[in-house]
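Asker:
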Amino acid sequence: MEYVQRMVRLDEDLFSVSHTAEDWDGLRKFIAESNMEHKQQILDIANDTSIKEDEREAKIKTAFADEYKFLLATCYPALRHSDYHINIRCAHSMLTRLRLW
8 MEYVQRMVRL
18 DEDLFSVSHT
28 AEDWDGLRKF
38 IAESNMEHKQ
48 QILDIANDTS
58 IKEDEREAKI
68 KTAFADEYKF
78 LLATCYPALR
88 HSDYHINIRC
98 AHSMLTRLRL
108 W
């Protein structure tokens, strides 16, 4: 967030930040759309919310080592992302000035 604040030079009070620690929805979507061996078993583990996320990952890594290596190489990099959503409310005169940038 500090990097973005410096780039746009706006007061920090205008920013609010939230994050998702791990993108399990993205992981499940990737697995579901793949042709991985043991896809359904891996999805069953990924969907098991009765165990903690770290335990789910460890279970997948242990039970399906080859598939886990594939996920690390192909899926995990895409899951590491930062999303910025910007909402601006301003007067008409401010909009005119913004368009000039």
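With the sequence shown counted from 1, adding 7 to any position gets you our numbering. For each residue, glycine too, the CB sits at the ideal point set by N, CA and C. Fair warning: this is a prediction, and the values are worked out from it, not measured in the lab.
Do Gln-48 and Phe-71 have their beta-carbon atoms positioned less than 9 Å apart in this structure?
Answerer: yes
Asker: Just confirm the distance between the C-beta atoms of Trp-31 and Glu-60, as a whole number of angstroms; I'd bet it's less than 8 Å.
Answerer: 7 Å
Asker: Excluding the 5 residues preceding and the 5 following Leu-34 in the sequence, name in chain order all residues of the same chain whose CB lies nearer than 7 Å to its CB.
Answerer: Ala-53, Cys-82, Leu-86
Asker: Just to confirm my understanding: we take Asp-55, look at its own chain, exclude 5 residues before and 5 after, and list those with CB closer than 7 Å. What are they?
Answerer: Arg-63
Asker: In whole angstroms, what is the alpha-carbon distance linking Asp-18 and Thr-69?
Answerer: 47 Å
Asker: Taking only the alpha-carbon atoms, compute the straight-line gap between Ile-67 and Arg-16 and give it to the nearest angstrom.
Answerer: 44 Å
Asker: How long is the line joining the alpha carbons of Lys-36 and Asp-73, rounded to whole angstroms?
Answerer: Their backbone Cα atoms lie some 19 Å apart in a straight line.
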